[in-house]
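Chemist: Protein chains in written order, with UniProt numbering: chain A, 1 to 213; chain B, 1 to 532.
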Amino acid sequence: MSVDQRNTQFCLETATVGADVLCEFLEVSIHSILYLRDLYPRGVFEKRKKYNVPVQMCLHPDVCKYVVNIVDSVHRLNQLNQVEKIAMVILGPDHRPLERFVIEIGRHSDNMKGDDRYLYQLEQSLRAFLLKLNVSDALLQPLPKDCTWAIQVETTESAADSINDKQMVQGFPWVEAEGRETTLDEPNIIPLRAVTSDFIKMQMFVEETTKKS
Amino acid sequence: MLVYILNSRASSRVLVIYKLDICYTRISTESFFLFLKCQKLCKSLMSIILRPKIEYNGDVSKTKVEPEVLIIAGNKKMATDTLYLENLEEYVNDENKIVTYRWFSTNLKVHVNQAKQMLYAFVQDQRNNHDNDNLSVTYFVAGLTKPVNGHQQTHKCTVVKEEDLEAYRSTLSVVTSSHIYSVQRANLKDSCALYTAEYDAIKESSKYTSIKFAKAKLRSGAEIESLCKTSVPQTTETNKQIKTNGTSTTNGQSKPAAKPQQKAGIAGMFAKAAKKPENKKEEPKQEKEVKENKPEKSGTAAKKGGMMSFFSKQTDKKPEQSAREETKQESKPVIKTEKKDDSSPPPQKKKVEPKKATKKTHRKPDSDDESENKKKRRRIKQDLFDSSSEEEDVEIEDDSPVPSPIRELVTVLASDSEEEMEVTEPSPKKRSPQKPSPENRENGERRRKRTRRQVPKTFMDDDGYMVTEKVWESESTDASDVEPPPAVTKETPKPQQKKSPQKSPQKKSPQKKSPPTGSTKQKTMMSFFKKK
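If you want it as structure tokens, here you go:
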């Protein structure tokens with residue numbers, strides 16, 4: 001095997017690993033946000049261990065299934081390398097978006113450092129992400145009651161088309177978001193964390209409307 | 001470079017003023033910014049003054065203007081007096097961190113108790129002087145619970161929120177300790193975040209705790225090495241030998257080094273027996289010499305440690321064989337007691353031991369019926385309920401009536417133990433201590449051997465198909481016979497060993513080198529299958 005081949009193989013491997021890790025993290029962070037922003041009562045959550053630290057996970061089967069469906073289709077898109085942003089939008093009682101927790105995914109660079117073979121550093125930075133999520137409520141205004149949430153994925157039209165058939169079969173179709181669901185009134189941006197590793201390049205921030213109540 | 005200066009010198013209680021003038025370091029704007037970075041980095045820095053230094057010699061035209069930087073630095077203690085509040089403000093208010101006392105003590109390299117005081121002072125300061133009421137604080141409370149209808153009191157350690165503090169304290173009958181645990185801006189919903197916040201920091205923080213066990217001493221790498229040696233006797237290899245030499249010379253007084261010394265003692269005894277009295281203290285040196293002078297012997301030295309090297313040096317090749325056996329017999333009891341001490345096997349396992357032993361004796365005779373096999377399988381299932389590792393033992397090796405700690409060793413010596421299987425009369429009691437010693441094998445070779453092995457036989461079926469069946473065949477050898485060359489690869493070193501016994505350890509050592517890991521187990525299994 002030539003050096004070039006090995007490199008490309010390594011790149012492919014890291015890309016798939018990155019996609020998997022990202023989806024895992026997406027699931028963890030969705031559950032964490034659900035818990036931290038009090039979108040569901042605390043009783044439906046349970047502590048689980050992820051990245052060697054305790055995280056909260058919603059136990060309601062429908063919520064779990066919904067999250068799994070989301071993660072699956074994001075994984076599909078991610079394999080096409082066509083995900084720009086994944087946003088968890090918290091909508092107020094009048095379906096006005098109040099907060100958006102955005103994970104922005106960067107393009108992979110070709111030059112790998114290859115110094116994190118066992119993903120220790122990556123795990124550490126994902127822990128830091130979770131920690132930031134945990135303390136983010138200090139930076140955010142409290143939410144009104146009866147909020148709901150949605151996931152929005154920014155992708156290309158072709159990628160959306162290509163996975164849509166499969167999604168239909170699975171009974172989990174994605175619909176195009178309306179403009180008023182994606183844009184916030186006079187938003188503030190609160191940066192949370194960014195990571196650049198061989199496997200993932202992403203940053204996380206919160207957009208919060210200033211007119212919450 | 002500058003960072004280095006600051007870190008190394010900023011240790012005294014007094015204000016230290018660093019004069020970094022032109023002859024010392026060329027100060028430029030760049031280095032000034034470096035200083036600013038230093039200030040971030042080394043929290044003990046108090047201020048940096050940048051001012052031009054003017055040398056006036058009476059002649060205005062010759063006046064030199066040189067920038068001079070004064071860094072006024074205090075040490076960490078100094079910093080804790082005044083600066084820590086700023087630090088904390090930065091961490092908590094600006095960076096929105098969860099600051100636990102442990103994290104803070106690690107970060108500022110102060111004692112945990114001091115860190116607690118600092119956190120408390122910070123909270124007071126923020127609330128009183130800065131009108132900052134959106135800090136959330138957690139407290140650590142430990143104490144005896146109140147006895148509830150006859151139940152015993154328990155000592156409880158809890159982290160509670162500030163607002164619950166008094167309520168919680170009132171539930172305890174005696175509060176033994178109560179101090180601040182963490183400060184943060186976020187209103188924590190549970191303790192997960194606290195753990196996460198500390199997770200990466202506290203791994204190394206043992207230095208600043210107030211809980212200390214004076215008798216606990218860190219073992220050096222060499223000591224650990226020698227300990228490994230005691231738990232896996234007879235399997236020393238050249239590398240280890242070198243290291244043990246190191247231990248016995250450098251730190252003979254420490255406990256773990258006792259074992260090598262013991263060995264050396266035995267070796268010394270034999271040295272005397274070989275009519276060449278040796279001073280015990282010279283032994284390590286001696287061994288090294290042996291290695292240097294006769295590198296081809298290193299295998300020998302490696303195998304038996306100190307003892308063998310002695311014999312290889314001091315005696316001829318012919319007496320060596322007998323001498324070695326003597327040595328082994330001598331050394332055996334030592335190993336045995338060691339093991340008994342080290343490993344108190346779980347009673348469960350002991351119970352299983354005789355069972356298997358009997359099974360084995362059943363197996364040994366040349367009865368090749370399938371019911372035997374079935375029995376075994378059933379027993380496996382029984383064992384499965386006992387413990388899963390037990391089951392593994394049975395399936396993989398069929399003979400390991402050894403308690404678990406020695407078990408590793410057995411897997412290492414897997415090839416040995418399988419050969420032992422062929423020895424006719426191993427009394428179950430004797431077996432387990434004997435197993436590790438290769439001597440057993442050598443003795444066994446002189447005895448009559450009965451072996452059973454599965455041989456694939458191919459023949460024509462009634463219907464005209466070729467059928468390959470695995471058949472148990474038994475064979476026996478005469479006492480004096482050299483063992484027939486076995487088909488299994490693992491046994492190949494054996495014939496060579498017969499021809500040149502003094503070289504055998506060299507042959508053996510690579511086998512045994514493999515550390516007792518899962519992979520070894522795998523290997524054993526493979527050899528088991530190869531046999532068929």
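We put the beta carbon where it would ideally sit given N, CA and C, even for glycine. As the structure is a computational prediction, the values presented were derived from the model and not from experiment.
#1: Below 8 Å, how does it come out for the region 146-158 of chain A and the region 172-181 of chain A: are there three or more Cβ pairs, yes or no?
#2: Can you tell me whether aspartate 146/A is buried or exposed, with buried defined as 16 or more other CB within 10 angstroms of its CB?
#3: Just reading off the beta strand (DSSP E) that isoleucine 180/B is part of, what are its end residues?
#4: Work out the CA separation of methionine 57/A and valine 44/A for me, nearest whole Å.
#5: For chain B, check one thing: does any of its Cβ atoms lie closer than 8 Å to the Cβ of leucine 34/A?
#6: Kindly indicate the opening and closing residues of the beta strand (DSSP E) around arginine 107/A.
#7: Going along the chain, which residues of its own chain have a beta-carbon closer than 8 Å to the beta-carbon of alanine 142/B, five neighbours each way excluded?
#8: Would DSSP call histidine 130/B helix, strand or coil?
#9: Buried or exposed for phenylalanine 205/A, going by 16 or more other Cβ atoms inside 10 Å?
#10: Return no unless some Cβ of chain A is closer than 8 Å to the Cβ of threonine 196/B.
#11: Per the DSSP calculation, methionine 57/A is bridged to which residue(s)?
#12: Contact criterion: CB-CB distance below 8 Å. Does asparagine 87/B meet it with respect to chain A?
#13: From threonine 148/A to glutamate 99/A, what distance separates their C-alpha atoms?
#14: So, helix, strand or coil for phenylalanine 129/A, using DSSP?
#15: For leucine 26/A, is the classification buried or exposed, using 16 other Cβ atoms within 10 angstroms of its Cβ as the cut-off for buried?
#16: For lysine 161/B, tell me which candidate among Ala186/B, Thr209/B, Gly150/B, His151/B has the shortest Cα-Cα distance.
#17: Quick check: what's the CA-CA separation for alanine 302/B versus lysine 217/B?
#18: Can you tell which of Asn134/A, Cys11/A, Leu122/A, Lys85/A has its C-alpha closest to the C-alpha of histidine 31/A?
#19: Is asparagine 134/A close to chain B? Criterion is C-beta to C-beta, closer than 8 Å.
#20: List the residues of chain B whose Cβ lies closer than 8 Å to the Cβ of valine 53/A, in chain order.
#21: Which chain B residues sit within Cβ distance under 9 Å of residue 229/A?
#22: Is the region 79-89 of chain A in contact with the region 222-230 of chain B, if contact means three or more CB pairs nearer than 8 Å?
#23: Just list the residues that DSSP pairs threonine 100/B with in beta bridges.
#24: Just to confirm before moving on: does the CB-CB distance between valine 55/A and valine 89/A stay below 8 Å?
#25: Report the CB separation of residue 537/B from valine 137/B in whole angstroms; it is logged as a contact under 8 Å.
#26: Along the region 40-51 of chain A, where does the CB come closer than 8 Å to a CB of chain B? Name the residues.
#27: Under 8 Å by Cβ, that's how I've got leucine 108/B and asparagine 87/B pegged, so tell me the actual separation to the nearest angstrom.
#28: Mind checking if glutamine 124/A is an interface residue toward chain B, Cβ cutoff 8 Å exclusive?
#29: Please say whether leucine 172/B and tyrosine 139/B have beta carbons closer to each other than 8 Å?
#30: State yes or no: is the C-beta of threonine 8/A within less than 8 Å of the C-beta of aspartate 198/A?
#31: Looking only at its chain, what residues have a beta carbon closer than 8 Å to the beta carbon of asparagine 132/B, apart from the 5 residues adjacent to it on each side?
#32: Please report the distance separating the alpha-carbon of aspartate 38/A from that of glutamate 46/A.
#33: Taking only beta-carbon atoms, is arginine 193/A less than 8 Å away from chain B?
#34: What is the C-beta distance between tyrosine 199/B and valine 74/A, in whole angstroms, given that I count them as a contact (C-beta under 8 Å)?
#35: What residues in its chain sit with their C-beta under 7 Å from that of tyrosine 91/B, if we drop five residues either side in the sequence?
#36: What three-state label does DSSP hand threonine 156/A in the structure shown?
Modeler: To lay it out plainly:
#1: yes
#2: exposed
#3: 172-184
#4: 8 Å
#5: no
#6: Segment: none, arginine 107/A is in no beta strand (DSSP E) and carries neither H nor E.
#7: His155, Lys156, Cys157, Thr158, Val175, Thr176, Ser177, Ser178
#8: coil
#9: buried
#10: yes
#11: Glu46/A
#12: no
#13: 11 Å
#14: helix
#15: buried
#16: Ala186/B
#17: In this predicted model, alanine 302/B has a pLDDT of only 42, less than 50, meaning its place in the structure is not dependable enough to derive any value.
#18: Asn134/A
#19: yes
#20: Cys192, Tyr195, Thr196, Tyr199
#21: Residue 229/A is absent from the structure shown; chain A starts at 1 and stops at 213.
#22: no
#23: Ser182/B
#24: no
#25: Shown here, chain B extends from 1 to 532; a query on residue 537/B therefore has no answer.
#26: Arg42, Lys47
#27: 7 Å
#28: yes
#29: no
#30: no
#31: Asn93, Gln126
#32: 14 Å
#33: no
#34: The Cβ separation is near 27 Å, so there is no contact.
#35: Lys97, Val99
#36: coil
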